[in-house]
Amino acid sequence: MKKQKKTFILDIEPKQLYSELKPFVAEKYKIDQIIQWIYQKKVLDFNNFTNISKELRGNLSSSFVLRTFTNIKKDESILDGTVRYTFRTYDNKYIYAVCLPNENKKTVCISTQVGCPVSCNFCLSGKMKFVRNLSRGEILEEILYIESDIRERISGVLFMGMGEPMLNYANLKSVIKTLISKKEMNIGKRHITVSSVGVIPGIKSLADEMFGVRFALSLHATDDKQRKKIIPNNFDAKISDLLDACKYYLKKTKSKVTIEYILLKDFNDTSSDAHRLARLMKAHNLINPDVQVNLIPYNETNSFDYKTPAQIAILTFKKILKVSGITVNIREPKGLDIGAACGQLGKVNL
Ligand code: SAH
4 MKKQKKTFIL DIEPKQLYSE LKPFVAEKYK IDQIIQWIYQ KKVLDFNNFT
54 NISKELRGNL SSSFVLRTFT NIKKDESILD GTVRYTFRTY DNKYIYAVCL
104 PNENKKTVCI STQVGCPVSC NFCLSGKMKF VRNLSRGEIL EEILYIESDI
154 RERISGVLFM GMGEPMLNYA NLKSVIKTLI SKKEMNIGKR HITVSSVGVI
204 PGIKSLADEM FGVRFALSLH ATDDKQRKKI IPNNFDAKIS DLLDACKYYL
254 KKTKSKVTIE YILLKDFNDT SSDAHRLARL MKAHNLINPD VQVNLIPYNE
304 TNSFDYKTPA QIAILTFKKI LKVSGITVNI REPKGLDIGA ACGQLGKVNL
């Protein structure tokens with residue numbers, strides 16, 4: 004394994020930079036300038052930090068690196084302008100991030116792990132062997148690289164790429180702090196969404212830390228047996244406990260919760276499933292404007308036999324939820340032609 008000799012500066016929390024950089028810089032305002040160059044101006048080359056001395060730039064370059072990804076590849080969808088970025092990590096693994104254009108804004112969907120240890124049996128990311136967590140710096144590098152590439156501030160971040168964010172909680176937390184800090188990336192917390200397969204202690208911690216970001220639960224089923232079939236590694240979480248965790252999240256954060264529901268033909272797409280989902284949400288007091296159900300018609304891949312339901316089944320499912328008073332939305336797949344849609348981030352497209 005190739006080792007990095009220099010320290011990756013994005014791995015260091017900005018507040019620690021004041022002590023880490025002391026050997027090179029005595030003045031606090033100069034460290035503030037460095038933080039601005041990185042997190043506000045998204046400049047990923049010390050040589051371009053023009054308002055600091057050449058000597059300091061040289062010192063920074065000899066001890067730290069600002070980037071670790073190489074062999075960066077971009078694929079752009081001709082269908083909707085979605086861009087999928089493939090990054091090679093320092094240890095020669097590949098990860099993905101997606102930039103989603105939405106009207107005049109751009110949102111990024113980022114990975115938190117190399118591969119995914121949960122291995123839901125419909126998701127390509129889970130088919131990749133799990134290798135390791137991404138570091139704080141690597142997760143931020145995905146975002147900062149995209150921002151410097153598009154020369155535009157992104158308006159939102161979705162933790163919905165490869166990996167299970169709650170299993171990399173310490174780094175997730177450190178990244179969120181940087182994203183929402185006014186002195187750092189200054190992204191509104193309502194524009195950040197963390198999606199989880201349902202790791203209850205993680206959901207509770209995220210609620211307790213009071214970041215107030217949005218939370219999305221990958222529910223995908225209406226009874227525990229059915230859910231276990233598609234999510235065998237379900238951390239022994241019962242659907243009713245997961246919905247209670249959503250309730251807890253709402254109460255603690257006053258933020259919004261999304262329930263994600265993949266529609267798999269002839270598996271979980273019947274009218275009875277829709278009615279059962281509505282009943283479950285009612286029983287858990289989750290029918291209110293702060294909770295939205297996102298129906299995700301399955302994006303087919305060659306690796307699994309699941310099929311996308313017929314349009315009529317999708318619309319009927321939606322209608323049943325709607326008449327029950329649930330806010331419901333059908334998620335349109337983005338970047339289908341470049342393997343950038345939900346569940347497609349698994350193959351190396353080099
Ligand atoms: N591990 C987290 C973050 C990944 S989010 C989680 O499970 O929430 C990615 C979303 O895409 C999840 O809701 C996942 O279940 C969904 N997904 C996976 N494969 C899919 C596919 N082929 N079609 C549509 N959605 C898929």
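Adding 3 to a residue's 1-based position in the sequence shown gives its number in this note's numbering. We treat Cβ as the ideally placed atom computed from N, Cα and C, and that holds for glycine.
Asked	Found
Taking all protein chains shown into account, do 16 or more other C-beta atoms lie within 10 angstroms of the C-beta of V326, making it buried, or fewer, making it exposed?	exposed
Closest to E303 by C-alpha separation, out of Q295, A313 and V294, would be which residue?	A313
Assuming D293 and G140 are in contact, meaning their beta carbons sit under 8 Å apart, how far apart are those beta carbons, in whole angstroms?	Not confirmed; about 33 Å, so no contact.
Report buried or exposed for Q19, applying the criterion of at least 16 other Cβ atoms within 10 angstroms of its Cβ.	exposed
Using a Cβ-Cβ cutoff of less than 6 Å, which residues in the same chain neighbour S208 once the five nearest sequence positions on both sides are dropped?	none
What is the rounded straight-line gap between the Cα of D83 and the Cα of V202?	33 Å
Could you check if H223 belongs to the surroundings of the ligand SAH, using beta carbon to heavy atom distance under 7 Å?	yes
By DSSP's criteria, R60 is part of a beta bridge. Which residues make up the other side?	Note: R60 sits in no beta bridge, so no partner.
Cutting at 6 Å between CB atoms, please list the residues of its own chain near T330, excluding the five before and the five after it.	Q295
For a quick check, are the C-beta atoms of L182 and V197 less than 8 Å apart?	no
I need the straight-line Cα distance from S243 to L298, nearest angstrom please.	19 Å
Roughly how many whole angstroms lie between the Cα atoms of N237 and F125?	14 Å
Touching or not, the region 188-196 and the region 214-233, by the rule of three or more beta carbon pairs under 8 Å?	yes
Which class does K5 belong to by DSSP, given the choice of helix, strand or coil?	Residue placement at K5 is flagged as unreliable, the pLDDT there being 49, under the threshold of 50; the coordinate-derived value follows with that caveat. Coil at K5, not helix or strand.
If you measure from the CB of C249, is any heavy atom of the ligand SAH nearer than 7 Å?	no
Using the beta-carbon count (16 or more within 10 Å), is E30 buried or exposed?	exposed
Between the C-alpha atoms of S158 and Y88, what's the straight-line distance to the nearest angstrom?	18 Å
Below 8 Å on the Cβ atoms is my guess for K250 versus H223; work out the distance and round it to an integer in Å.	No, K250 and H223 are not in contact; Cβ-Cβ is about 19 Å, not under 8 Å.
How should T10 be labelled, buried or exposed, when 16 other C-beta atoms within 10 angstroms of its C-beta is the threshold for buried?	exposed
Excluding five sequence neighbours on each side, which residues of the same chain lie with their C-beta closer than 8 Å to the C-beta of K5?	The predicted model places K5 with a pLDDT of 49, which falls under 50 and marks its position as unreliable, so this point remains unresolved.
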